[in-house]
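Enquirer: In case it helps, the numbering used here puts the sequence shown at residues 133 to 199.
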Amino acid sequence: MIVVGLTGGIASGKSFVGGLFRRLGIPVVDADQLSRQVVQPGTPGFDAVSRNFPAAVTAREIDRSKL
Numbered sequence: 133m134i135v136v137g138l139t140g141g142i143a144s145g146k147s148f149v150g151g152l153f154r155r156l157g158i159p160v161v162d163a164d165q166l167s168r169q170v171v172q173p174g175t176p177g178f179d180a181v182s183r184n185f186p187a188a189v190t191a192r193e194i195d196r197s198k199l
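#1: If distances are taken between C-alpha atoms only, which option among 136, 167, 144 comes closest to residue 153?
#2: CA-CA distance, residue 147 and residue 190?
#3: Quick check on the DSSP output: the alpha helix (DSSP H) that includes residue 146 runs from which residue to which?
#4: So is residue 194 buried or exposed if we call it buried at 16+ other beta carbons inside 10 Å?
#5: Compute the Euclidean distance between the alpha carbons of residue 142 and residue 168, then round it to the nearest angstrom.
#6: Are there 16 or more other CB atoms within 10 angstroms of the CB of residue 161, so buried, or fewer, so exposed?
#7: Measuring only the C-alpha atoms, how far is residue 159 from residue 145?
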């Protein structure tokens, strides 16, 4: 199996290339998507962020720019 890591700065085309891979039937793991899932309200990740970075949590949402 070949594993490819796709990295780059903001607006560099990572999502575009990931979409191309998906259309070709290549499995894609999106770390940005996973990182948002683990800190959804009601999850242990959200609770941990709330405890450790209370200034970043407002109205049951995490302000990622404050992390």
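Quick reminder that beta carbons are idealized off the backbone N, C-alpha and C, glycines included.
Expert: From the atom records:
#1: 136
#2: So the two alpha carbons sit approximately 28 Å from each other.
#3: 146 to 155
#4: Under this definition residue 194 is a buried residue.
#5: 17 Å
#6: That one is exposed.
#7: 17 Å
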